[in-house]
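Heads up: take any position in the sequence shown, counting from 1, add 136, and you land on the numbering used here. Where a beta carbon is used, it is the ideal one built from N, C-alpha and C, also for glycine. The structure appears right after this line, and notes come after that.
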Amino acid sequence: MIGDFDYQFFLEVLTGGLLSGVMYSLVAIGFVLIYKTSGVLNFAQGALLLFAALTFVSLVERGVPFALALAATFAIMVALGIGIERAVLRPLTNKPPITLFMATLGLSYIIEGAAQLIWGTQVHGLELGIEDVPLEVGGVLISQFDIFAAAVAAAMVLLLSLFFRYTRIGLSFRAVADDQFAALAVGLKLPLIWASVWAAAGLVALVAGLLWG
């Protein structure tokens, strides 16, 4: 400590902020996925994250094994993402951006209301088996769970980056993001791609929901 400035505390706050920033990147990916491919600013991404976390924890609380609960939640989030695209956004294709914005904003309230109706207002604890005990690194205390969550988030970002760069589906997503009319001209099926993007956003919401839960 120099004067009133505590370097150790500063480094702890800085490290915690950086690790949290990596986890926030998952939420950002959900926004970017949908916006770049369809031009929709999805304000329901946070609600999807909440819904994913509550779905998973409710299954675990009912005795469903971790792996099975994870698979079931994944299937539910993919189905929810596809359902949103087909039932809410596809009918609004070519509508003004403000219409799409208001649709996702209203959708966020619907999802949050449904979550409250299903699970109530009580707090649900989510345990992933990682002890939230601080590690001391160079005199700086760092949460073990924050390290784990940041590592998972970073791995997810890396995998998605490789997916978009090297897979056929990922390249199709990028083509639609660059020029929808050109993508349509070369035979890409935009409704299928948009549904796939919303399914991917549901997967990202699941991972982010588990880490933030």
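Is it buried or exposed, residue i, if we count other Cβ atoms within 10 angstroms and call 16 or more buried?
i: Leu204; result: exposed
i: Ile170; result: buried
i: Ser279; result: buried
i: Thr235; result: exposed
i: Leu225; result: buried
i: Leu155; result: buried
i: Ala289; result: buried
i: Thr209; result: buried
Going by the beta-carbon positions, is the gap between residue i and residue j smaller than 8 Å?
i: Phe317; j: Phe309; result: no
i: Ala341; j: Ala188; result: yes
i: Trp255; j: Leu190; result: yes
i: Val333; j: Ile165; result: no
i: Ile220; j: Leu243; result: yes
i: Met159; j: Ala287; result: no
i: Gln144; j: Gly261; result: no
i: Trp348; j: Ser174; result: no
i: Ala335; j: Leu326; result: no
i: Leu277; j: Glu197; result: no
i: Phe237; j: Leu150; result: no
Assuming residue i and residue j make a contact with CB atoms under 8 Å, what is their CB distance in whole Å?
i: Leu162; j: Ala337; result: About 11 Å separates the two Cβ atoms, so there is no contact after all.
i: Ala180; j: Ile247; result: 6 Å
i: Leu324; j: Val312; result: 6 Å
i: Phe192; j: Leu346; result: 6 Å
i: Ile305; j: Phe281; result: Going by Cβ atoms, the distance from Ile305 to Phe281 rounds to 32 Å, so no, they are not a contact pair.
Review point. Enumerated in chain order, which unbroken segments of the alpha helix (DSSP H) with a length of 4 residues or greater are wholly contained in the region 161 to 200?
Key: 181 to 197
Review point. Should the region 209 to 221 be called in touch with the region 174 to 187, which here means at least 3 C-beta pairs below 8 Å?
Key: yes
**Study point:** Residue ranges of each alpha helix (DSSP H) within the region 251 to 330, 4 or longer
**Key:** 280 to 302, 304 to 314 and 316 to 321
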